[in-house]
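Visitor: A single structure is presented below for examination.
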Amino acid sequence: MVGLLIDPDPVSVSELDYVNKILPIVDLIGMSGNRNLMTTSADEGQFLNMLLKLINAKNTMEIGVYTGYSLLATALAIPDDGKILAMDVNRENYELGLPVIQKAGVAHKIDFKEGPALPVLDQLVEDEKNHGSFDFIFVDADKDNYINYHKRLIELVKVGGLIGYDNTLWNGSVVAPPDAPLRKYVRYYRDFVMELNKALAVDPRIEICMLPVGDGITLCRRVK
154 MVGLLIDPDP
164 VSVSELDYVN
174 KILPIVDLIG
184 MSGNRNLMTT
194 SADEGQFLNM
204 LLKLINAKNT
214 MEIGVYTGYS
224 LLATALAIPD
234 DGKILAMDVN
244 RENYELGLPV
254 IQKAGVAHKI
264 DFKEGPALPV
274 LDQLVEDEKN
284 HGSFDFIFVD
294 ADKDNYINYH
304 KRLIELVKVG
314 GLIGYDNTLW
324 NGSVVAPPDA
334 PLRKYVRYYR
344 DFVMELNKAL
354 AVDPRIEICM
364 LPVGDGITLC
374 RRVK
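Numbers 154 to 377, taken from my numbering, label the letters of the sequence shown in order.
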C-alpha cells in the first residue's frame, strides 16, 4: 500500500530557521558548521522525535550517523533504558556532535560502531533471536546500498515496526526529466534512489508512506 503526500507550499527558509530555534537540539546544528548540508533537516528531526514517541520505540537502529542530529532526536525520544545501534564509516563526524549528546544526558543509549553497516547487519541476521527485534530503523547513508540494506532490515524490524529511508526525493531529481541539468553526484545516485522507491512500492511485506519532509523520507511499516 502506498501513501504519497505532496506539499504544494514548500516550507520557507525563514520557517525552517524558526523551527531550528525552538528545537532542543539546535546546539548540534551550530557545531556541524559547514557540514550542515548533510545534516538531517530541523523539521525532519522534529518529525522523527515525535514519531518515535508515538510508536513507543525502544530498540532502534540508525545507519549513517554523520554528526548525530537525527541520532540525538532519536535518543531524546526513546525511554531511558532504550537503545540505539548506530553505525557510520566515520567516527570523527560522530565525535564532533558527541559533546551535545553527552550534555543532553542520552549518550548511554547509543552503541556506536564505526565501519560499513552491511557486515554488522549480516551478523545480526545470522542470529534468529535478532529477527523482529527492532522497533524503528533509520537509514541515511550510501544510497547505492539502500536496496542491500532493505533486504536485511526487513528481517530485523518487528511486524508493526518502521523503517525510515531518508533522501527518497533526492533533491527533487526523482521527478525531473531524464535530460534535466543535475549536479554530478545527484545524477549518479538518482537511479539508486529510484530503484529503491520502485522496490518499496511493490514489496508485499510493507506498507509505505512517502513524505516531503526534508529531502523526502519514506516510512515502511512491516505488515508481515
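Cβ coordinates follow ideal geometry from the N, Cα and C atoms, glycine included. Keep in mind it's a predicted model, so treat the numbers as computed, not measured.
Going straight from the alpha carbon of Arg188 to that of Asn246, what length do you get?
Guide: Model confidence at Arg188 stands at a pLDDT of 48, short of 50, so the residue's coordinates are unreliable; what they give is reported in the following sentence. Approximately 9 Å between the Cα atoms of the pair.
Visitor: Using CA atoms only, rank isn't needed, just tell me which of Lys236, Ile359, Lys296 and Glu215 is closest to Ile307.
Guide: Checked all of Lys236, Ile359, Lys296 and Glu215; the closest Cα to Ile307 is Ile359.
Visitor: Please state the DSSP three-state secondary structure of Arg336.
Guide: If DSSP states are grouped into helix, strand and coil, Arg336 belongs with coil.
Visitor: Tell me the rounded alpha-carbon separation between Asp395 and Met347.
Guide: Residue coverage of the chain in this structure runs from 154 to 377, which leaves residue 395 outside it and unanswerable.
Visitor: Quick one: Cα of Met203 to Cα of Ala230, how far?
Guide: Their Cα atoms are separated by approximately 7 Å.
Visitor: Can you name, in chain order, every residue of its own chain whose Cβ lies under 8 Å from the Cβ of Ile175, other than the five neighbours on each side?
Guide: Caution applies to Ile175, whose pLDDT of 44 falls short of 50 and renders its modelled position unreliable; the model cannot decide the point.
Visitor: Cys373 to Pro252, Cα distance in whole Å?
Guide: Roughly 32 Å between the two C-alpha positions.
Visitor: Exposed or buried, Glu267, counting other C-beta atoms within 10 Å across all chains shown (16 or more means buried)?
Guide: Classification of Glu267: exposed, given that the 10 Å Cβ count is below 16.
Visitor: Taking His261 as the reference, give the member of Lys236, Tyr302 and Val328 with the closest Cα.
Guide: Ranking Lys236, Tyr302 and Val328 by Cα distance to His261 puts Lys236 first.
Visitor: Do Met240 and Ala210 come within 8 Å of each other at the CB atom, strictly closer than that value?
Guide: No, Cβ-Cβ distance for Ala210 and Met240 is not below 8 Å.
Visitor: Identify, in the order they occur along the chain, each residue of the same chain with its Cβ nearer than 6 Å to the Cβ of Asp319, setting aside the five sequence neighbours on each side.
Guide: Asp293 and Ile370.
Visitor: Should Leu364 be labelled buried (16 or more other beta-carbon atoms within 10 Å of its own) or exposed?
Guide: With 16 or more other Cβ atoms within 10 Å, it is buried.
Visitor: Output yes or no for whether 8 Å exceeds the beta carbon distance between Glu312 and Lys377.
Guide: A small fix is needed here, since residue 312 is Val in this sequence, not Glu. Yes; because the gap between Cβ atoms is below 8 Å, this pair is in contact.
Visitor: Whole-angstrom Cβ separation of Leu249 and Thr220, contact assumed at under 8 Å?
Guide: Right, the Cβ-Cβ distance comes to about 5 Å (below 8 Å), so this counts as a contact.
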